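K.L.:
Residue 129 is where the sequence shown ends in UniProt numbering, and the numbering goes up by one at each step. All C-beta atoms in this analysis are idealised placements derived from N, C-alpha and C, irrespective of residue type, glycine included. All values reported here derive from a predicted model rather than from experimental measurement.
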Amino acid sequence: MYKTGILNSEISKVLSDLGHTDTIIIADCGLPVPDGVKKIDLALTFGHPSFEEVFNVVKEHMAIEQLTIANEMIKQNSELYVKLLAENIDMVTESHETLKMYSKEAKAIIRTGEATPYANVILSSGVLF
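Structure follows, in structure tokens:
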């Protein structure tokens, strides 16, 4: 049995397979998942697991080069926006519609139980060297 790290085998596999600039998305429970994109569904109930819980675990195990969020998050979910800014990771904002278009290229979408508006982030993979 895996002694440390992410116990969810699907997330562990996706992270292991990422190359530079590949993307994954951590999403609220309402973000649509395009056909052909792997969905890793962690949602149990509204709010559980939360976006933050999942983000905090993933960031421990992923070299993140850039975050992409919907610019709507800035005003409509400012608490989450401030927390993501504090991560000191390069951040890009796009419209929510553009973010949904980009989701078609993601290697996977991790669906949380988060039920607050615009709690979605695209994580672009960096490199360790």
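1) Starting from E97, trace the alpha helix (DSSP H) both ways and give me its first and last residue.
2) Within this structure, are the beta carbons of G126 and E65 separated by less than 9 Å?
3) Look at the alpha carbon of E97 and the alpha carbon of K75, and state the distance between them as a whole number of angstroms.
4) Would you be able to state if there are at least three C-beta pairs under 8 Å between the region 31 to 39 and the region 51 to 63?
5) Under 8 Å Cβ to Cβ from E105, same chain only, skipping five residues before and after it: list those, please.
6) Tell me which same chain residues have a C-beta within less than 7 Å of the C-beta of T45, skipping the five on either side of it?
7) Which residue wins for smallest C-alpha separation from L123, given the options L85, V82, I26 and E87?
8) D41: which of D17, I110 and M73 sits nearest, CA to CA?
P.N.:
So, to answer that:
1) In the sequence shown, counting from the first residue as 1, residue 97 sits at position 97. Where E97 is concerned, the enclosing alpha helix (DSSP H) stretches over H96 to Y102.
2) The count along the sequence shown starts at 1 and reaches residue 126 at position 126. The count along the sequence shown starts at 1 and reaches residue 65 at position 65. Taking 9 Å as the Cβ cut-off, G126 and E65 qualify as a contacting pair.
3) Sequence index remark: in the sequence shown, residue 97 carries index 97 (1-based). Sequence index remark: in the sequence shown, residue 75 carries index 75 (1-based). Near 16 Å, if we compare the C-alpha coordinates of K75 and E97.
4) no
5) Your numbering for residue 105 matches position 105 in the sequence shown. Cβ within range, chain order: T23.
6) Against the sequence shown, residue 45 aligns to sequence position 45. Cβ neighbours of T45 beyond the five flanking positions: G113.
7) As a working mapping, residue 123 is identified with position 123 in the sequence shown. Selected option, being the one with the closest Cα: I26.
8) On the sequence shown, position 41 is the one that residue 41 refers to. Residue I110 is the option with its Cα nearest to D41.
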